[in-house]
Amino acid sequence: KEKESDAYKKETIHAIEAILRAEFPPHKAYYVSGLTAIEYYYGRYMQDDFKAFVPLIFVVITVILLINFRSIIAALLPLCSIAMSLLWTLGFMVACGISLNNVTTIIPPILVAVTVADSIHFVGDALQRAHKAQYSPMQSKTVLRETMQNLFIPCFLTSITTVFGFFSLTKINIVPIQELGIVTAAGTFFAYIITFTFLPAVIEQFNLFPHVLSFTPGSTHFFKERIDRFLIRLSQFNERHYRAVVIGVVMVTLLSLLGMMRLKTETSVLEYFKKDSPIYRDTQYIEKHLSGVHFLNVSLKAETEDFFRSPDMLKKIEQLQQFVERLPEVDTSTSAVDYLKEINKSFHNEDEASYVIPESRELIAQYLLLYGADDLDDFVNTQWNWTTIRIRLNEHTTTALSRVMGIIDDYLAVHFQAPVKATYVGQTVLEVESNEAVTKGQISSVVLAMLTVFGLMFVAFRSFFLGIISIVVNVLPLLVNFGIMGLCSIRLNSATAMIAAIGIGIVVDDTIHFIHQ
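Just so we're aligned, residue 22 is where the sequence shown starts under our numbering, counting upward by one.
Here it is in structure tokens:
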């Protein structure tokens, strides 16, 4: 476990690069790649993006709040709510023993975008009520009480549906994604609690309404009159041209369904990198001039000792290697057979004709005694009943990798039957199985999210008709989203597969506020 940690990967890559910089001629290029390097740089770029985008999100939100509220204090209130929600969430992660990894790193940006909604609703509604009441200090509690009465239920519904949307990610059988779902669900709940406890308490305790209102010109927020006029015209357009609106939505939906039919389900970690990034360029160079950096290990195990020291079994392994090397996705393969053939050739004075498997168990044993078996430790155990064939692949997409594994499966089923047990091991298997787990888990997570979210809508509004409407208008954005992905050749992978479950919990918020009002 220690050698698989991010700290170990960082230390290894930095040490290798330091040696290359010190020992390699300055005018010569060197290239560093491999799964360890790819995983390290993936995590590093994720952390760099986290450091860059979280402050940027805060800046953008601050600017929007200042433009809208025209008050520094009014803008700071939602920002304080966001900051407290993040702190509570990070504390929750520590208490649960959840660490920041390549998946959970995206929790803060998601929470900032989600948790700001309730606090903006609260502050905006409170300011409008204060303006309409021609606010005086004696009315502070009345304004806050009316604001809480108006927003408590709809904000609770938006928060709880978002919580269920995030929590549905726990149906995906990948631990980091499950952790993402649990933590973001908890963070959304924390934001709701803070909005309806901390914000009114701070406003009342420090009597902030006079300070806020003194910055706001007139009796309305900036842009409010313009936005109101736009919305009135929009509603009038909908009334007059409702048939055209429905037809337009149906056409967009059909186009989205067409795009969804072109949606590809596959993951390629290398494609997450920009084409001009060092790790992408190095990997492409190595695979073009040397060999692929992806490894697939075929493990063969038998109960009988010395089972794979038999020349007949070694020839079957050799035939397996010859078969896989004919596949276009495979560059080369290595096994104990290659070492034994090399030893036999060396023993016969480097005669190429002797690059063959030794003809008897006894001869193999003598070679191993004479030359040593240390080089075989990675390919066969000391009892010679468990061996591995290491295959180098030039493909990175899980679709192609899964195809290769399927072809090899068919070959193994015919040529390596009992008592030999064949399995796959290695990072490539994890990538393929993780992608399949995410895409399959996506179906169950979306179903769970839809049942819980729309079930809450039926119960909350106590209307079958309104519940049906909410289902339609909230499924359509997801269809359009996946339709755009298909039309733009954006793959449904282990990252984008989470969109639907999260989206259901988020897009329903507008519907809830609209119907409640």
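By construction, the Cβ of each residue, glycine as well, lies at the ideal position given by its N, Cα and C atoms.
Remember, predicted model here, so these are calculated numbers, not experimental data.
Could you give the residue range of the beta strand (DSSP E) that holds residue 52? Position 31 of the sequence shown, counting from 1, holds the residue named residue 52. Careful: residue 52 lies outside any beta strand (DSSP E) and carries neither H nor E.
Whole-Å CB distance - residue 195 paired with residue 455, under 8 Å assumed: Here the question's residue 195 lines up with position 174 in the sequence shown. Here the question's residue 455 lines up with position 434 in the sequence shown. Right, the Cβ-Cβ distance comes to about 6 Å (below 8 Å), so this counts as a contact.
Starting from residue 174, follow the alpha helix (DSSP H) in both directions and report where the run begins and ends. Within the sequence shown, residue 174 is the residue found at index 153, counting from 1. Where residue 174 is concerned, the enclosing alpha helix (DSSP H) stretches over 161-188.
With 16 other Cβ atoms within 10 Å as the buried cut-off, status of residue 446: Numbered from its first residue, the sequence shown carries residue 446 at position 425. Label assigned to residue 446: exposed.
So who's on the other strand from residue 316, going by DSSP bridges? Walking along the sequence shown from the start, residue 316 turns up at place 295. Partner(s): 413.
Anticipated Cβ contact below 8 Å, residue 164 with residue 75, distance rounded: Here the question's residue 164 lines up with position 143 in the sequence shown. Here the question's residue 75 lines up with position 54 in the sequence shown. Contact doesn't hold; Cβ gap of about 33 Å is too wide.
Report the three-state DSSP secondary structure of residue 375 (helix, strand or coil). Here residue 375 refers to the residue found at position 354 when the sequence shown is read from its first residue. Looking at residue 375 - three-state DSSP - the assignment turns out to be helix.
Neighbour-count burial assignment, residue 95, 16 or more Cβ in a 10 Å radius: One-based indexing of the sequence shown puts residue 95 at position 74. Its Cβ being crowded by 16 or more others within 10 Å, residue 95 is buried.
Counting only runs of 3+ residues fully inside the segment 393-481, write out the beta strand (DSSP E) ranges in chain order. 407-414 and 442-446
By a C-beta neighbour count over all protein chains shown, 10 Å radius and 16 as the cutoff for buried, is residue 35 buried or exposed? Here the question's residue 35 lines up with position 14 in the sequence shown. It is exposed - the Cβ of residue 35 has fewer than 16 other Cβ atoms within 10 Å.
What's the C-alpha gap between residue 524 and residue 514? Taking the sequence shown and counting its residues from 1, one reaches residue 524 at position 503. Taking the sequence shown and counting its residues from 1, one reaches residue 514 at position 493. Looking at the two C-alpha atoms, the distance is approximately 16 Å.
For residue 124 and residue 193, which I take to be in contact (beta-carbon distance under 8 Å), what is that distance rounded to the nearest angstrom? Walking along the sequence shown from the start, residue 124 turns up at place 103. Walking along the sequence shown from the start, residue 193 turns up at place 172. The pair is not a contact, with the Cβ atoms about 11 Å apart (cut-off 8 Å).
Rounded to whole angstroms, what's the CA-CA distance from residue 428 to residue 344? Just pull it up for me. By one-based count along the sequence shown, residue 428 stands at place 407. By one-based count along the sequence shown, residue 344 stands at place 323. Cα-Cα distance, rounded: 10 Å.
Please report how far the alpha carbon of residue 443 lies from the alpha carbon of residue 322, in whole angstroms. Reading the sequence shown from its first residue, position 422 is the one you call residue 443. Reading the sequence shown from its first residue, position 301 is the one you call residue 322. Taking the straight line from one Cα to the other gives about 7 Å.
Can you round the beta-carbon distance between residue 330 and residue 508 to whole angstroms, since I take them to be within the 8 Å contact cut? What you label residue 330 is simply residue 309 of the sequence shown in a count that begins at 1. What you label residue 508 is simply residue 487 of the sequence shown in a count that begins at 1. Not confirmed; about 57 Å, so no contact.
Which value, in whole angstroms, describes the spacing of the CA atoms of residue 413 and residue 60? Within the sequence shown, numbered from 1, the residue matching residue 413 stands at position 392. Within the sequence shown, numbered from 1, the residue matching residue 60 stands at position 39. Distance between the alpha carbons of residue 413 and residue 60 is about 18 Å.
Which term fits residue 349, buried or exposed, when burial requires 16 or more other beta carbons within 10 angstroms of its beta carbon? Along the sequence shown, read from residue 1 onward, the residue named residue 349 stands at position 328. Burial call: exposed.
To which residues of the same chain is residue 396 closer than 7 Å at the C-beta, ignoring the five residues directly before and after it? Stepping through the sequence shown from its first residue, residue 396 is reached at position 375. Closer than 7 Å at Cβ, skipping near neighbours: 360.
Whole angstroms is fine: what's the gap from residue 240's alpha carbon to residue 451's? In the sequence shown, counting from the first residue as 1, residue 240 sits at position 219. In the sequence shown, counting from the first residue as 1, residue 451 sits at position 430. Reliability of the predicted coordinates at residue 240 is poor, the pLDDT of 41 falling under 50, and no value is obtained from them.
In the structure shown, what three-state DSSP assignment does residue 366 receive? Stepping through the sequence shown from its first residue, residue 366 is reached at position 345. Helix.
For residue 300, the nearest candidate out of 97, 39 and 55 (CA to CA): As a first step, residue 300 must be located in the sequence shown, where it is residue number 279. With distances taken between Cα atoms, residue 300 lies closest to 55.
Going straight from the alpha carbon of residue 116 to that of residue 437, what length do you get? Residue 116 sits at position 95 when you count from the first residue of the sequence shown. Residue 437 sits at position 416 when you count from the first residue of the sequence shown. Rounded to whole angstroms, residue 116 to residue 437 spans 49 Å at the Cα level.
What's the call for residue 291, buried or exposed, on a 16-neighbour Cβ count within 10 Å? Along the sequence shown, read from residue 1 onward, the residue named residue 291 stands at position 270. Label assigned to residue 291: buried.
Rounded to whole angstroms, how far is the Cβ of residue 527 from the Cβ of residue 135, which I believe are closer than 8 Å? As a position in the sequence shown, residue 527 is number 506, starting the count at 1. As a position in the sequence shown, residue 135 is number 114, starting the count at 1. Right, their Cβ atoms sit about 7 Å apart.
Please determine, among 49, 62 and 48, the residue with the shortest C-alpha to C-alpha distance to residue 29. The residue labelled residue 29 in the question sits at position 8 within the sequence shown. Looking at the Cα atoms, 62 is the closest of the given residues.
Chain-order list of residues whose beta-carbon lies under 6 Å from that of residue 52 (same chain, five-residue window excluded): Counted from its first residue, the sequence shown places residue 52 at position 31. Answer for residue 52: 303, 306 and 307, listed in chain order.
What does DSSP give as the partner residue(s) for residue 355 in the beta ladder? The residue given as residue 355 occupies position 334 in the sequence shown. 411, per the DSSP bridge assignment.
Less than 8 Å between the C-beta atoms of residue 206 and residue 188, yes or no? In the sequence shown, residue 206 corresponds to position 185, counting from 1. In the sequence shown, residue 188 corresponds to position 167, counting from 1. Cβ distance < 8 Å, so residue 206 and residue 188 count as in contact.
Best match in 108, 493, 520 and 482 for proximity to residue 464 [C-alpha to C-alpha]: Indexing the sequence shown from 1 puts residue 464 at position 443. Here the closest residue by C-alpha is 520.
Measuring alpha carbon to alpha carbon, tell me which of 317, 324, 275 and 336 ends up nearest residue 425. Translated into the one-based positions of the sequence shown, residue 425 becomes position 404. Nearest C-alpha to residue 425: 317.
For residue 141, the nearest candidate out of 213, 398 and 368 (CA to CA): Mapped onto the sequence shown, residue 141 falls at position 120. It is 213 whose Cα lies nearest to the Cα of residue 141.
Could you check if residue 480 is buried or exposed, using at least 16 other CB atoms within 10 Å of its CB as the buried criterion? The sequence position of residue 480 within the sequence shown is 459, counting from 1. The residue is exposed, with fewer than 16 neighbouring Cβ atoms inside 10 Å.
Out of 336, 394, 372 and 147, state which residue places its alpha-carbon closest to the alpha-carbon of residue 162. Working through the sequence shown from its first residue, we reach residue 162 at position 141. Checking every option, the nearest Cα to that of residue 162 belongs to 147.
Where does residue 383 land, buried or exposed, given buried means 16+ other C-beta within 10 angstroms? Sequence index remark: in the sequence shown, residue 383 carries index 362 (1-based). Exposed, by the Cβ-count rule.
Reduced DSSP secondary structure (H/G/I, E/B, other) of residue 31: Within the sequence shown, numbered from 1, the residue matching residue 31 stands at position 10. Helix.
Can you give the Cα-Cα distance for residue 32 and residue 216, rounded to whole angstroms? Position 11 of the sequence shown holds residue 32. Position 195 of the sequence shown holds residue 216. Each residue's alpha carbon lies about 43 Å from the other.
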